[in-house]
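J.: Taken in sequence, the protein lines are chains B and S.
Position 192 (the first sequence) corresponds to 192 in the UniProt record's numbering; numbering is contiguous.
Position 264 (the second sequence) corresponds to 264 in the UniProt record's numbering; numbering is contiguous.
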Amino acid sequence: MATFSKARRANNAVFLGLSVGAAGLGLLALVFILVALLWNGLAGLRPSVFTEMTPPPGAAGGLLNAIYGSVVMTLLGLAIGAPIGLLAGTYMAEHGRYSKLTVVVRFLNDILLSAPSIIIGLFVYEVVVTRIGHFSGIAGALALAILVIPVVARTTEDMLLLVPNQLREAASAMGLPRSHVVLKVAYSAARPGIITGLLLAFARISGETAPLLFTALNNQFWNADITGPTASLPTVIFQFALSPYKDWQQLAWTGALIITATVLILSIAARSLGSTRTAK
Amino acid sequence: MTDVAMRDQPARRTMDAGRAAVLSRFRTFDAVFGGLTLAAAVFVLVLLGSVIVSLIIGSMPAFRAFGLGFLTSQVWNPNDDVYGALGAIYGTIVTSVIAMAIAIPVGLGIAVFLSELCPFALRKPIGMAIELLAGIPSIIYGIWGLFIFAPFVQSYVEPPLIAVLGPIPGIGALFQGPPYGIGVLTAGIILGIMVLPFISSVSRDVFATVPPVLKEAGYGLGCTTWEVVKNIVIPFSRTGVIGGVMLALGRALGETMAVTFVIGNAHRISASVLSPGTTISAAIANEFTEAVGDLYTSSLIALGLILFVITFIVLAIARYMLLRIQRRAGV
Chain B
1 MATFSKARRA NNAVFLGLSV GAAGLGLLAL VFILVALLWN GLAGLRPSVF
51 TEMTPPPGAA GGLLNAIYGS VVMTLLGLAI GAPIGLLAGT YMAEHGRYSK
101 LTVVVRFLND ILLSAPSIII GLFVYEVVVT RIGHFSGIAG ALALAILVIP
151 VVARTTEDML LLVPNQLREA ASAMGLPRSH VVLKVAYSAA RPGIITGLLL
201 AFARISGETA PLLFTALNNQ FWNADITGPT ASLPTVIFQF ALSPYKDWQQ
251 LAWTGALIIT ATVLILSIAA RSLGSTRTAK
Chain S
1 MTDVAMRDQP ARRTMDAGRA AVLSRFRTFD AVFGGLTLAA AVFVLVLLGS
51 VIVSLIIGSM PAFRAFGLGF LTSQVWNPND DVYGALGAIY GTIVTSVIAM
101 AIAIPVGLGI AVFLSELCPF ALRKPIGMAI ELLAGIPSII YGIWGLFIFA
151 PFVQSYVEPP LIAVLGPIPG IGALFQGPPY GIGVLTAGII LGIMVLPFIS
201 SVSRDVFATV PPVLKEAGYG LGCTTWEVVK NIVIPFSRTG VIGGVMLALG
251 RALGETMAVT FVIGNAHRIS ASVLSPGTTI SAAIANEFTE AVGDLYTSSL
301 IALGLILFVI TFIVLAIARY MLLRIQRRAG V
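1) Give the DSSP bridge partners of residue 77 of chain S, in chain order.
2) Cβ closer than 8 Å: which chain B residues qualify as neighbours of residue 139 of chain S?
3) Run through DSSP, which three-state label would residue 275 of chain S get?
4) Is it right to say residue 166 of chain B is buried, meaning 16 or more other beta carbons lie within 10 angstroms of its own, or is it exposed?
5) Can you find a C-beta in chain S that's less than 9 Å from the C-beta of residue 32 of chain B?
6) Measuring alpha carbon to alpha carbon, tell me which residue in S:275, S:18, S:27 and S:59 is nearest residue 181 of chain S.
7) Consider the Cβ of residue 42 of chain S: report whether some Cβ of chain B lies at a distance smaller than 9 Å.
8) Please report the distance separating the alpha-carbon of residue 273 of chain S from that of residue 159 of chain B.
9) Any beta carbon from chain S within less than 9 Å of residue 182 of chain B's own beta carbon?
10) Using a Cβ-Cβ distance under 9 Å, would residue 229 of chain S count as near chain B?
11) Helix, strand or coil for residue 1 of chain B per DSSP?
12) Name, going along the chain, the residues of the segment 296 to 322 of chain S whose beta-carbon falls closer than 7 Å to a beta-carbon of chain B.
13) Would you please state the rounded distance, in angstroms, between the beta carbons of residue 147 of chain B and residue 120 of chain B? I believe it to be under 8 Å.
14) Can you give, in chain order, each stretch of the alpha helix (DSSP H) that sits fully within the segment 221 to 285 of chain S and has at least 4 residues?
15) Let me check understanding here. Comparing Cα to Cα, which of B:44, B:92 and B:48 lies closest to residue 162 of chain B?
16) Hey, would you say residue 144 of chain B sits closer than 9 Å to residue 78 of chain B, going by beta carbons?
17) Does DSSP put residue 222 of chain B in a helix, in a strand, or in coil?
18) Any C-beta of chain B sitting closer than 9 Å to the C-beta of residue 100 of chain S?
19) Interface residues of chain S around residue 8 of chain B at Cβ under 8 Å?
20) At 8 Å on the CB atoms, spell out the chain S contacts of residue 47 of chain B, in chain order.
21) To be precise: take each residue of the segment 250 to 279 of chain S, compare its Cβ to all Cβ atoms of chain B, and keep it if any distance is under 9 Å. Which residues remain?
22) For chain B, check one thing: does any of its Cβ atoms lie closer than 9 Å to the Cβ of residue 27 of chain S?
23) Which whole-angstrom value is the C-beta distance of residue 185 of chain B and residue 171 of chain B, which I expect to be below 8 Å?
24) Out of B:49, B:149, B:269 and B:115, point me to the one whose CA is closest to residue 43 of chain S's CA.
25) For residue 45 of chain S and residue 237 of chain B, what's the separation of their Cα atoms in angstroms?
26) Show which residues of chain S have a CB atom less than 8 Å away from the CB atom of residue 110 of chain B.
27) For a contact meaning CB atoms closer than 9 Å, what does residue 153 of chain B contact in chain S?
28) Shortest alpha-carbon distance to residue 291 of chain S belongs to which of S:154, S:78, S:190 and S:321?
29) Could you tell me which of S:320, S:136 and S:250 sits nearest to residue 115 of chain B, measuring between CA atoms?
30) Using 10 angstroms around the beta-carbon of residue 231 of chain S, count the other beta-carbons present and answer buried if the total reaches 16, otherwise exposed.
31) Near residue 116 of chain S, which residues of its chain fall below 7 Å by C-beta distance, leaving aside the five closest residues on each side in sequence?
32) Would you list, in chain order, the members of the segment 279 to 292 of chain S that have their beta-carbon closer than 7 Å to a beta-carbon of chain B?
33) Where does residue 167 of chain B fall in DSSP's three states?
34) Quick one, are the C-beta atoms of residue 269 of chain S and residue 145 of chain S less than 9 Å apart?
35) Assign residue 208 of chain B to buried or exposed, taking buried as 16 or more other Cβ atoms, counted over all protein chains shown, within 10 Å of its Cβ.
36) Between the segment 107 to 131 of chain S and chain B, which residues of the former have a C-beta closer than 9 Å to a C-beta of the latter?
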C-alpha cells in the first residue's frame, strides 16, 4: 500500500515537473528571441535608419522608404478591410443572428482567418497584378485588406454578442429604428472590444511578408506613388537578411526590431484594452 | 373651444407629416444599413469562393501538362520545364509532424501548468507571455532562425543526434549526413515554437470548461493532481484539445517566411531530417517572382491550391471540434 502510494506520488511529481518545465521552455524561447532581437537590432539603431533610403550593398543607408511603404500599405489595407469586416461582423451578431447564412459565413470566415497568407498573395497576384500588368503598392494593400477582414469580422461579432440584449430592447422600446440601435447603442457598448479587434488586425498585417512578396514586390528607391512596386519593411528584411553583405544584414536586424516592437506594443495595447473591459 | 381645435388642426397635420417623413427616412436608412451588413457577410463568402476559383484556374495549365502525376513526381526542374509536387508536399508534412511532436506535449504541459499549478497572480502574465509567441511576426522567427537558432542546432543539437541515434538501424536513417544546421529538422523545431501558443491557449480555455465538481470528486477519491488531469480533465476536454491541435497544424502547414529562411529550398526527398528540403509555401515564396514561363508559374499556383485544400480540411475539422465543445459548454 505504502509503496503503491509512493509510486503514484513519484509519478505525480514527475509529470507536474514536466509541465512546469514546459512552461519554462516556452518562456525561455520567448526570452531567447527577444534578447537576440534587442542585441542585434539595437547595434544598428541610428537616426539615419529613419531618414535614409535602403542602400546598395556596401554603402550606408537606412530604411525610410521601407518604413514609409509599410505604413502606407498597412493603413490602406486597414482602411479597406476594416469597414467590410465590421459590417460582416455586425450582420452575424445583429441582423442575421439566427439566420442559416450566419452559420456558414462564421465557419468560412474562421477558415479564412487561419488560411495561409501566401495563398492570399497568390490570389491577389492572379486577380490584380496580372490584370494591371505590374506589381504595385495597391495590390499589396488589397492583399493585407483581405487578411484584415476575417480578424475584424470575428472580434466584432464576438464583442457585439456580449452586449446585453436588454440594452437593445430598451432602445427599441423608445422607438429607435434597428440601425440606430446598432449604431448608437450596440456599437458604443462594444467599442473597446471592437477597437481591440482593429488593433489586433493592425498588428497582424504590419508583420506580414508572404502576401507582399509578389503583390507589392519591393523597391530600393523612394517612391511615394503606390501604383508602382513599393518597398515594405518585411520584404526588405527578407531580402537583406538572406544577402551575404554585413551592413544589409545589420539593417535587417534593426528592421526586425522595429517591426517586433510595433507589433508587440499594438498587441499588448489591444489585450489590456480587452481585459479592462472584461474586468468591469 | 372650436377655435382652439381649429387652430391645432393644421399644426398637428404638419407634425404628422414631419413624423412620417422621419419614419420613412428611418426606414430607408434601416434598409440601407441592413443591406450593407448583408452584403459584407456575403462578400466574405464570395472572397473565399473566388480564392478557390482563381487558384483552380491558375493551376489548370500545370494539371493539364502533368495530370495527376504532378502529385506523385518529385522532379522539379525549371530548366526542362518539368515539375512535380511530391518533394514540397513531403517537406510540408514532415516539418509539420516535427512541429506537432514538439508543440503538443509542450503546449499541453503549459496548459496544465497554467490551469492547475500556477499561482493565481502569475497566471495572466505567464499566459500572456506565451501568447506573445504567436504575436511575433513570422519573418522575425525567420531571421532569428537563420542567424541564431540554425548555428545553435548545427553545433549543439545535430552532432549528438547523429552520434547517438544515427547508428541505430531503422530510425537511424532519419539522422544521417553532415550537420548543416539548415534543414527540415530546424524548420520543424521553429514551427513547433511558433504554433505552441495555439495549443496551449486553446487547451487552457477548454480545461476551464471542466466542471469543478468532477475534479473535486476525483480529489475526494484520493487522486493526485496528475491523475485528475490525466483521467478527468483531459478526457473531458478531449474534443477541444484536438480542435486546438488541428488549428495549430493548420498554421504549421501554411507557415511561410520562417520556414523559407531555414529549410534550404531543395526539391528532393531525403530520408534524413538533417538534410535541406522545401515546403509548399517556401517554394512559392522563393521561386514565384523568379518564375519565367506560364508552366512554371502555373505549377507554383498548383502547389498553392494543394496547400489550400490540405489546410482547408484541417481547419474545417478544427472548427468543427471547437464548435462541438462550445455547444456542450453552452448547454
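The C-beta atom is built at its ideal place from N, Cα and C for all residues, glycine as well.
Since the model is a prediction, treat every value here as computed from it, not as a measurement.
T.: According to the data block:
1) For residue 77 of chain S, which the question treats as bridged, DSSP gives the partners S:82.
2) Correct list: 207, 209, 234, 237, 238, 256 and 259.
3) Correct three-state label for residue 275 of chain S: coil.
4) Around the C-beta of residue 166 of chain B, fewer than 16 other C-beta atoms lie within 10 Å, and the residue is accordingly described as exposed.
5) True, the Cβ-Cβ gap to chain S drops below 9 Å.
6) Among S:275, S:18, S:27 and S:59, the Cα nearest to that of residue 181 of chain S is on S:275.
7) Yes, its Cβ sits closer than 9 Å to a Cβ of chain B.
8) If I take the Cα positions, the gap works out to 45 Å.
9) With 9 Å as the cut-off, residue 182 of chain B counts as an interface residue toward chain S.
10) Closer than 9 Å: yes.
11) Per-residue confidence for residue 1 of chain B stands at a pLDDT of 46, beneath the threshold of 50, marking its modelled position as unreliable; no derived number is given.
12) Across the segment 296 to 322 of chain S, CB contacts with chain B closer than 7 Å involve 301, 304, 307, 308, 311, 312, 315, 316 and 319, in sequence order along the chain.
13) The Cβ separation is near 6 Å, so the contact holds.
14) The segment 221 to 285 of chain S contains these whole alpha helix (DSSP H) runs: 225 to 228, 238 to 254 and 257 to 262.
15) Residue B:92 holds the alpha-carbon nearest to the alpha-carbon of residue 162 of chain B among B:44, B:92 and B:48.
16) Result yes, Cβ atoms of residue 144 of chain B and residue 78 of chain B sit closer than 9 Å.
17) Correct three-state label for residue 222 of chain B: coil.
18) Not closer than 9 Å to any Cβ of chain B, the Cβ of residue 100 of chain S fails to qualify, so no.
19) Per Cβ cutoff of 8 Å: 224 and 227.
20) Correct list: empty, because the minimum Cβ distance to chain S is about 23 Å.
21) With the criterion set as a beta carbon lying under 9 Å from some beta carbon of chain B, the members of the segment 250 to 279 of chain S are 250, 251, 253, 254, 255, 256, 257, 260 and 261, in sequence order.
22) Answer yes: the Cβ-Cβ gap between residue 27 of chain S and chain B drops below 9 Å somewhere.
23) Their Cβ separation, rounded to whole angstroms, is 5 Å, which keeps residue 185 of chain B and residue 171 of chain B in contact under 8 Å.
24) With distances taken between Cα atoms, residue 43 of chain S lies closest to B:149.
25) Straight-line measurement puts the Cα of residue 237 of chain B at about 34 Å from the Cα of residue 45 of chain S.
26) Simply 315 and 319.
27) Among the residues of chain S, those whose CB is under 9 Å from the CB of residue 153 of chain B are 40, 41 and 44, following chain order.
28) For the residues S:154, S:78, S:190 and S:321, the minimum Cα distance to residue 291 of chain S belongs to S:78.
29) The candidate whose alpha carbon is nearest that of residue 115 of chain B is S:250.
30) Its Cβ having fewer than 16 others within 10 Å, residue 231 of chain S is exposed.
31) If the five residues before and after residue 116 of chain S are omitted, its C-beta is found closer than 7 Å to the C-beta atoms of 225 and 229, all from its own chain and listed in chain order.
32) So the close ones are 281, 284, 285, 288 and 289.
33) Helix at residue 167 of chain B.
34) One thing to note: residue 269 of chain S has its Cβ no nearer than 9 Å to the Cβ of residue 145 of chain S.
35) Residue 208 of chain B is classed as buried because its beta carbon has at least 16 other beta carbons within 10 Å across all chains shown.
36) Look at the segment 107 to 131 of chain S: the residues with a C-beta under 9 Å from a C-beta of chain B are 107, 108, 109, 110, 111, 112, 113, 114, 116, 117, 118, 124, 126, 128, 129, 130 and 131.
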